[in-house]
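First comes the structure, then the notes that go with it.
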Amino acid sequence: MVSLFFLSLFQIYCLFLCTTTQARTWDEARALAEATTAQLTLDEKVGILIGKGQFGSRCVGDTGSVSRLNIPNFCMNDGPAGLRATKGGTGFPAGINAASTFSRRLMRARGVALGEEFRGKGVRVYLGPAMDIMRSPKAGRAWESFGPEPWLNGESAYETIMGIQSTGVMACAKHLIANNQEHWRYGLSADVDDRTLHEIYWWPFLRSIEADVASVMCAYNRFNQTSSCHNKGLLTNLLRKEGGFEGFVVSDWGATHDSVEENVDAGLDMEQPGDWIVIGGAVYGGSGLKDAVNEGRVDQSKLNRMVTNVLTPYYKLGQDGSYPAINFDAQKPDGSGSNNLNVVVRTDAHTALAREIAVASAVLLKNRKSGSRGLPLGQPKTVAVIGQDAKMPTHNCDMNKCNDGTMVVGWGSGSYTLENVVPPIDAITNRIGSSGVVTPSLSNNIGAAVAAARGKDVAIVFANAMSGELGLYDVVVGNMGDRNDLALWWGGGSMIEAVATVNENTIAVIHSVGPVSMSWSDHPNITGIIYAGAPGEQTGPSLVDVLWGLNPQYPSGRLPFAISDNEADYPASIVYNSDGFPTIRYTEKLLLDYRYMESEGIKPRFDFGFGLSYTTFQYFGLEISPSDTGVTVVVTIENTGAVPGTEIPQLYLGFPANAGEPPKVLRGFDEVFLQAGSSSSVTFNLNQHDLRSGPDLKTLTVLLIADDTDSIWDVPSQSWVRPSGTFTAYVGSAHSDIRLQGTF
């Protein structure tokens, strides 16, 4: 440890030992915030509401402090999957992988671990989770969020926020709203009708509010022709009046395009970073807000409201108590510098959790087990490890804007340092040890791949597809944030096929930010396919766990989207070319991803919710019972295979024909670990916010209630209503693998 003399003894003590928080109710916190606001000068108020500037802090975003009242600066930092621009943290699996676990338990645990690390580095506001719906499978930042299904996004966001804020760190739900592509993001208009807004894009934010999220970030894009950060319909009417949000609204970095009065009137509280000149000019940062108050263009009462909104979650989460000091410098590529204590916040428990989430999110798409072929692997004597995606990536590439090794996370502000990555080649080599021979071919040269694979007991081929944030028009291998297509990069599909022509036991491992074309998947020599997503730093060890079946619970991952080979099978695409900032009309409405495919009779290669296990499960005993508040659905599941395993039962709801809904939509999921030959029912209750799940629960009970799972947004009445008619409850292992169904 270095530079400890820069801290007081109390700060040093708190840096390492202070982890408890004194949570308050919103009312208690707001009363404290109002009392504090009344004591502030105009300059102090403006300092709390305006960032210090892009390069004015050791954090990605920051505010002024008021030392005389013990109000600290609010250090804000990315990213949603781990600490950006600093060493000493854990590189967790991305949001899309958290969704792939279909496990509330792991989503919550991931949030807790992230909160512990952000707190340990002195970060008060975690800029996440992201909950931008994957409208297009090529969307650049979709991997930061939880996929195209709004209900799964909502549950994932809820659990993440509950975990984060349990550590006393403020979460920031982003990006409000319809922020669904990187091209033209600084000014495009996402035009969305009211019902689609509520049932798709608003839903995860509503669940975030139910989790008491501290802050919400408004997006770069316009929404229905009005900039998101000065859109009163969003920030005041939807977010606060309809949603009941009680925290503060912060702009995305440089997303304030309009006048001070418009932003304040709309409901924006804080501008970050505070010094950017953007489209229309920087009219909110610098002295703009202070001048507007002095000149009477912004009323003092509105200014006080904004400050109170910022301070309320600070008090609610007990951040006015002891809190670790900032001990990193985001202005350095690796978070180092003279002000950095190099405090390590990663722990053995966090490493183990990152590995478990990576294992639980790995989706087994194909397995032709026959003798020594297929998965899990036995004791192969000769193993070929093929592909650039199997080796260690460059870990000093600015915000991960490279793709020269194994892909564990996308690029941009949501990335983190890759110094702790354990690549597949290392983990597999360690697993084989002296019992066999590993032949590596760690390039994407097809000739070298074929030579390495020929005659081996098994060939494990790695390929990837990457995307990220547009930023200042960053281009990575010809891709500007959003992917150009659904192809694997570097000719990965061709390499997999070429290897399969010479090796009868070819295992394909895909690292990707979203769906990719898998037209090669039916090749008879491809005995196994693992979709590993963006699995974080423990990618290698997690794959060894899955390939060799070392953890009896897994594989159990499920696809959080449908995989189809053709882009036309998805209803929305990326607008790449435009004469100016385009208007993008969301004409697909409620029909995204698997919903659209089913409505059009399109059979994807691998459907939403799909994932194989090393054992088999049977569903039986469906019971549907009316109750005072809705309907209870009960089902029992049995492990009919020879080994233990985890099943992910899923509930889909089919609405009455007059409701205008997709054919069936996700409304429940759980994880059930069963020993071979044992049976159990699983429980989850959809009308409770604090859902509980686990292998020890004895009944699968799904309660459908009027204001939640079986309601639609009625535009004329501006309310959630239950349509009359016959509903169908579908229970199964995937969207297209329904085992039982019944009506009510």
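Start counting the sequence shown at 3; every next residue gets the next number (the numbering used here). Just so you know, even glycine gets a beta-carbon here, dropped at the ideal spot from N, CA and C. As the structure is a prediction and not an experimental result, all values here were calculated from the model.
{"Asked": "Contact under 8 Å by Cβ, Asn486 with Gly480", "Found": "yes"}
{"Asked": "For Gln381, the residue or residues it bridges with in DSSP", "Found": "Answer is none; Gln381 lacks a bridge partner."}
{"Asked": "CB contact flag (Asp271, Val312, <8 Å)", "Found": "yes"}
{"Asked": "Backbone secondary structure at Asp196 - three-state DSSP", "Found": "helix"}
{"Asked": "First and last residue of the uninterrupted beta strand (DSSP E) at Gly156", "Found": "Unbroken run through Gly156 is the alpha helix (DSSP H), Pro152 to Gln167; no beta strand (DSSP E)."}
{"Asked": "Residues that Glu273 bridges to, as DSSP identifies them", "Found": "Ile52"}
{"Asked": "contact_flag[the region 226 to 241, the region 252 to 262] where n(CB pairs < 8 Å) is 3 or more", "Found": "yes"}
{"Asked": "Rounded straight-line distance, which links the Cα of Asn79 to that of Asn748", "Found": "One cannot answer for residue 748 here, as it falls past the ends of the chain, which runs 3 to 746."}
{"Asked": "Counterpart residues of Pro628 in DSSP-defined beta bridges", "Found": "Val633"}
{"Asked": "At least three beta-carbon pairs within less than 8 Å, the region 166 to 177 to the region 218 to 228", "Found": "yes"}
{"Asked": "Span of the alpha helix (DSSP H), counted from its first residue to its last, around Val518", "Found": "Per DSSP, Val518 belongs to no alpha helix (DSSP H) and is neither H nor E."}
{"Asked": "Simplified DSSP assignment, three categories, for Ala362", "Found": "helix"}
{"Asked": "Distance, Val477 Cα to Met468 Cα", "Found": "12 Å"}
{"Asked": "Inter-stretch contact at 8 Å, needing at least 3 Cβ pairs: the region 728 to 740 / the region 646 to 659", "Found": "yes"}
{"Asked": "Backbone secondary structure at Val504 - three-state DSSP", "Found": "coil"}
{"Asked": "Cβ shell of Val518 (< 6 Å), same chain only, five flanking positions each side left out", "Found": "Ala467, Leu488 and Leu490"}
{"Asked": "One or two residues paired with Met219 in a DSSP bridge", "Found": "Lys176 and Val252"}
{"Asked": "Residue environment, Arg70, which counts as buried when at least 16 other CB atoms sit within 10 Å", "Found": "exposed"}
{"Asked": "Where Gln620 falls: helix, strand or coil (DSSP)", "Found": "strand"}
{"Asked": "Of the residues Ile639, Phe612 and Thr618, the one placed nearest Glu625, counting alpha carbons only", "Found": "Ile639"}
{"Asked": "Buried or exposed by the 16-neighbour rule on C-beta atoms within 10 Å, applied to Ser340", "Found": "Its pLDDT being 48, under 50, Ser340 is placed unreliably by the model, and the measurement read from it follows with that caveat. Ser340 should be labelled exposed."}
{"Asked": "Contact the region 83 to 95 vs the region 350 to 367: 3+ CB pairs below 8 Å", "Found": "yes"}
{"Asked": "Cβ neighbours of Val2 in the same chain (closer than 7 Å, five flanking residues each side left out)", "Found": "Nothing about residue 2 can be reported from this structure: the residues present for the chain run from 3 to 746 only."}
{"Asked": "Expected contact under 8 Å - CB spacing of Ile531 and Val548 to nearest Å", "Found": "About 12 Å; that fails the 8 Å criterion."}
{"Asked": "Cβ contact (3+ pairs, closer than 8 Å) linking the region 425 to 432 and the region 386 to 403", "Found": "yes"}
{"Asked": "Close beta carbons around Val280, own chain, < 8 Å, minus the five adjacent residues each side", "Found": "Low confidence applies to Val280: its pLDDT is 46, below 50, so where it sits in the model is not reliable, and the reading given next is rough at best. Counting only Cβ-Cβ distances below 8 Å, and skipping sequence neighbours, we find Tyr188, Gly256, Ala257, Thr258 and His259."}
{"Asked": "Same chain, Cβ closer than 6 Å to Arg209, neighbours up to 5 away in sequence not counted", "Found": "Gly156, Ala159 and Tyr160"}
{"Asked": "Three-pair Cβ contact test at 8 Å for the region 44 to 58 versus the region 293 to 313", "Found": "yes"}
{"Asked": "Beta-carbon separation (whole angstroms), Val410 vs Thr541, contact threshold 8 Å", "Found": "5 Å"}
{"Asked": "Reduced DSSP category for Val410 - H, G, I as helix; E, B as strand; rest coil", "Found": "coil"}
{"Asked": "Sequence-distant residues of its chain with Cβ nearer than 6 Å to Ala364 (five each side left out)", "Found": "Ile532, Ala534, Val548, Pro557 and Gly559"}
{"Asked": "Alpha-carbon spacing of Val704 relative to Arg741, whole angstroms", "Found": "Caution applies to Val704, whose pLDDT of 44 falls short of 50 and renders its modelled position unreliable; the value that the coordinates give is listed next. Roughly 16 Å between the two C-alpha positions."}
{"Asked": "Start-end ranges of the beta strand (DSSP E) lying completely within the region 412 to 495, minimum 3 residues", "Found": "439 to 443 and 460 to 467"}
{"Asked": "The region 189 to 199 touching the region 584 to 603, judged by at least three CB pairs closer than 8 Å", "Found": "yes"}
{"Asked": "Opposing strand residues paired with Thr745 [DSSP bridges]", "Found": "Thr730"}
{"Asked": "Proximity of Ala332 and Arg106 at Cβ, strictly below 8 Å", "Found": "no"}
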